[in-house]
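> Residue numbers (our numbering): 131 to 437.
Note that the Cβ used here is the ideal one computed from N, Cα and C, for glycine as well.
Mind looking over this structure? Questions follow.
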Ligand code: PMP
């Protein structure tokens with residue numbers, strides 16, 4: 131889906147016109163992948179109007195990602211949270227996908243450069259259901275990829291860095307070339323890791339299972355949201371590595387992420403899940419979207435009004 135242009139982008143502390151948010155071809159981040167980013171959403175909520183969802187948690191993860199790769203961010207968590215609110219409001223968006231990105235800029239070549247200055251920008255634009263409205267309703271068809279996720283001790287999967295998405299790209303394009311809607315990767319040890327841009331939950335005999343941090347996942351903020359909401363609904367959630375065949379005995383499977391929200395999975399490698407009515411997935415979806423329509427009380431302060 132093409133990006134829908136809006137008026138402004140926040141860059142290095144200023145609102146600039148969308149078309150001026152460009153960068154030099156010798157930008158360090160473009161050559162060495164020295165870029166970290168976030169994917170966030172703003173929703174039009176019943177209780178509090180237009181809100182950024184889990185603003186602080188996303189900005190804290192951005193700061194953590196930047197810290198790992200020694201990309202200086204000259205703005206505080208509070209300042210960046212404010213910039214996220216501002217970019218949604220200034221563009222008059224009722225709901226939006228928000229993309230903060232921090233990267234090493236122009237100035238010096240070489241992967242260990244300390245002279246390339248960091249840049250930071252935040253864009254916001256409209257974006258619907260990442261895996262489609264039909265996928266959100268009826269579930270998506272998913273394949274296990276021939277590509278493994280990066281192993282622990284290679285590049286950190288738990289950091290949201292641009293380079294990690296080379297793995298996601300290979301996994302996702304392979305799946306799409308084969309006629310599936312999304313791909314999932316296995317870890318270095320053959321256990322299940324995650325989708326190209328989503329965490330994975332398997333419903334098995336009433337329990338929810340999801341791979342742990344050690345299975346080369348990005349510890350998603352939506353994953354954390356779902357673990358919390360599932361607990362409230364009385365479900366047991368098991369964070370433990372599991373083998374590929376566990377997917378084939380699933381009662382239900384769903385994927386979570388800021389872009390994908392909570393998307394049911396119909397089949398894995400053409401094998402359908404046991405219950406295509408997705409009764410537990412529907413409860414989880416309702417609890418999640420209930421945060422925005424007011425049916426789920428936001429006990430955690432996750433809704434941050436743009437003002
Ligand atoms: N894993 C990967 C590889 C992702 O790109 C994403 C999306 N950011 C997720 C998991 C889910 O993370 P979150 O819920 O924080 O968006």
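Determine the DSSP secondary structure at residue 334, reduced to helix, strand or coil.
If DSSP states are grouped into helix, strand and coil, residue 334 belongs with the strands.
> Just mark residue 340 as buried or exposed, buried being the case when its beta carbon has 16 or more other beta carbons within 10 Å.
Classification for residue 340: buried.
> Taking DSSP as the reference, what is the three-state secondary structure of residue 190?
Note: residue 190 maps to helix in three-state DSSP.
> Mind checking who residue 394 pairs with in its DSSP beta bridge?
Note: residue 394 sits in a beta bridge opposite 384.
> Just the Cα atoms here: how many angstroms apart are residue 333 and residue 137?
Each residue's alpha carbon lies about 43 Å from the other.
> How many Å lie between residue 315 and residue 241 at the Cα?
So the alpha carbons of these two residues sit roughly 27 Å apart.
> Thinking C-alpha only, which one of 425, 142, 172 is nearest residue 258?
Closest option to residue 258, Cα to Cα, is 172.
> Counting C-beta neighbours from all protein chains within 10 Å, is the total for residue 290 16 or more, i.e. buried, or is it exposed?
So residue 290 counts as buried.
> Using the three-state DSSP reduction, which class does residue 302 fall into: helix, strand or coil?
If DSSP states are grouped into helix, strand and coil, residue 302 belongs with the helices.
> For the alpha helix (DSSP H) that contains residue 211, what are its first and last residues?
Looking at the DSSP string, the run of the alpha helix (DSSP H) that includes residue 211 is 207 to 220.
> What's the call for residue 417, buried or exposed, on a 16-neighbour Cβ count within 10 Å?
Per the 10 Å Cβ criterion, buried.
> Considering only heavy atoms of the ligand COA, does any lie closer than 7 Å to the CB of residue 226?
The ligand COA is not among the ligands present in this structure, which contains only the ligand PMP.
> Can you tell me whether residue 215 is buried or exposed, with buried defined as 16 or more other CB within 10 angstroms of its CB?
With 16 or more Cβ atoms within 10 Å of its Cβ, residue 215 is classed as buried.
> Are there 16 or more other CB atoms within 10 angstroms of the CB of residue 327, so buried, or fewer, so exposed?
So residue 327 ends up on the buried side.
> What separation, rounded to the nearest whole angstrom, lies between the Cα atoms of residue 142 and residue 203?
Near 10 Å, if we compare the C-alpha coordinates of residue 203 and residue 142.
> Compute the Euclidean distance between the alpha carbons of residue 357 and residue 144, then round it to the nearest angstrom.
Taking the straight line joining both Cα atoms gives about 37 Å.
> With DSSP as the reference, label residue 280 as helix, strand or coil.
Coil at residue 280, not helix or strand.
> Straight-line CA distance for residue 309 to residue 267?
Distance between the alpha carbons of residue 309 and residue 267: 19 Å.
> Just tell me which of 210, 198, 178, 180 has its CA closest to the CA of residue 187.
The option with the nearest alpha carbon to residue 187 is 210.
> Can you tell which of 288, 178, 170 has its C-alpha closest to the C-alpha of residue 197?
Looking at the Cα atoms, 288 is the closest of the given residues.
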